[in-house]
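*Asks:*
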Amino acid sequence: MMTTAFFWTFCGLCAYLLGSIPFGFLVAKLRGIDIRTVGSGNIGATNVFRSVSKPLGLLTFALDLLKGFCGVQWIPLTLASLTGQSYDGMALPVFAGALTVAGHNWTCFLGFRGGKGIATSAGMLLGLSPLGVSIALAAWLITFISTRYVSVASIVSAIVLSIVVWPLYLPSQGIWFPTVLTALAGVAIWKHRTNIARLRAGTESRFQFGKKPVAS
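The sequence shown begins at 10 in this note's numbering and counts up by one.
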């Protein structure tokens, strides 16, 4: 019989490996492009969108989002069913989801250099907190439309999420759940530190509606 500790470890490893699948890198390879050598060098959807093609960028976003959602929904449920284990509450899905995001950000398949985790975090939150991610998405859209900076929109949405999860979940889940979500939002902001530097220097690229995107 599998012990609880081993089951959690197994779930965490599977979640990390799922998150580590570098969809942006693989999608760009369909065009013969190493996404790490063009644009910002990031393997995420934004760089694929800018440096490869819009359809492939959207595909990358969808796949990265799906990773996060499956990390909190499919991984715990499937492994529990296969091993005969059971779990209660949100702790295991949050653990698996956090490791899915970690896999995306530090993928073992590309020398532990990955993306910024925005789409994967959004997928994770979609499985854990649909209301929270809806509010964060609204903040992202408003900021993106008004500034045309993807990075600024992503940072603002992370900040908004880190705030709204406290009144949403502190009464029902206790302090640990909003603390974890706030920490994940902090990681997302930290992963944008190069964007913040470019914003301060005035060299960050704006999204050009109706025009060919310019790599940054």
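By construction, the Cβ of each residue, glycine as well, lies at the ideal position given by its N, Cα and C atoms.
For clarity, every value in this text was computed on a predicted model and none was experimentally measured.
Quick check: what's the CA-CA separation for S49 versus T92?
*Replies:* A straight-line Cα-Cα distance of about 42 angstroms links S49 and T92.
*Asks:* How is N51 classed by DSSP in three states: helix, strand or coil?
*Replies:* coil
*Asks:* So which of H113, A111, L108, Q82 has the shortest CA-CA distance to G98?
*Replies:* Out of H113, A111, L108, Q82, the CA that lies nearest to the CA of G98 is found in Q82.
*Asks:* Is the stretch 148-156 in contact with the stretch 65-76, if contact means three or more CB pairs nearer than 8 angstroms?
*Replies:* These segments do not touch.
*Asks:* What would DSSP say about S225, mapped onto helix, strand or coil?
*Replies:* Only weak support exists for where S225 lies, its pLDDT of 39 falling under 50; the value from the coordinates is given anyway. Coil, per DSSP.
*Asks:* Give, in chain order, every unbroken run of the beta strand (DSSP E) that is at least 3 residues long and sits entirely within the stretch 31-98.
*Replies:* none
*Asks:* Between G183, S160, L190, which has its C-alpha nearest I172's C-alpha?
*Replies:* L190
*Asks:* Using DSSP with H/G/I as helix, E/B as strand and the rest coil, what is I144?
*Replies:* helix
*Asks:* Are the Cβ atoms of G126 and K200 separated by less than 8 angstroms?
*Replies:* yes
*Asks:* On the criterion of 16 or more Cβ atoms from any shown chain inside 10 Å, does P217 qualify as buried, or is it exposed?
*Replies:* The sequence shown places Gln at residue 217, rather than the Pro named in the question. An exposed status is given to Q217, since fewer than 16 other beta-carbon atoms sit within 10 Å of its beta-carbon.
*Asks:* In the DSSP assignment, find the alpha helix (DSSP H) that holds I164 and state where it starts and stops.
*Replies:* From DSSP, the alpha helix (DSSP H) with I164 extends over 159-182.
*Asks:* Are the stretch 36-45 and the stretch 129-146 touching by the rule of at least three beta carbon pairs closer than 8 angstroms?
*Replies:* Taking 8 angstroms as the limit for Cβ pairs, the verdict is that the stretch 129-146 does not touch the stretch 36-45.
*Asks:* Would you call the stretch 23-33 and the stretch 107-119 in contact, with 3 or more CB pairs under 8 angstroms?
*Replies:* Touching, yes.
*Asks:* Which two residues bound the contiguous alpha helix (DSSP H) that contains T116?
*Replies:* Per DSSP, T116 belongs to no alpha helix (DSSP H) and is neither H nor E.
*Asks:* Would W149 be called buried (16 or more neighbouring beta carbons within 10 Å of its own) or exposed?
*Replies:* buried
*Asks:* Could you compute how far the alpha carbon of A131 sits from the alpha carbon of L74?
*Replies:* 6 angstroms
*Asks:* Whose C-alpha, out of P176, L146, W175, is nearest the C-alpha of S163?
*Replies:* L146
*Asks:* What number of angstroms, rounded off, separates the C-alpha of F15 from the C-alpha of R207?
*Replies:* 44 angstroms
*Asks:* Taking its Cβ as the centre, do 16 or more other Cβ atoms sit within 10 Å of I84, making it buried, or is it exposed?
*Replies:* buried
*Asks:* Within 10 angstroms of the Cβ of A210, are there 16 or more other Cβ atoms? Answer buried if so, exposed if not.
*Replies:* exposed
*Asks:* Counting along the chain, where does the alpha helix (DSSP H) carrying S29 start and finish?
*Replies:* 13-29
*Asks:* Under a three-way DSSP split, which group does R209 fall into?
*Replies:* DSSP places R209 in the helix class (H, G or I) of the three-state scheme.
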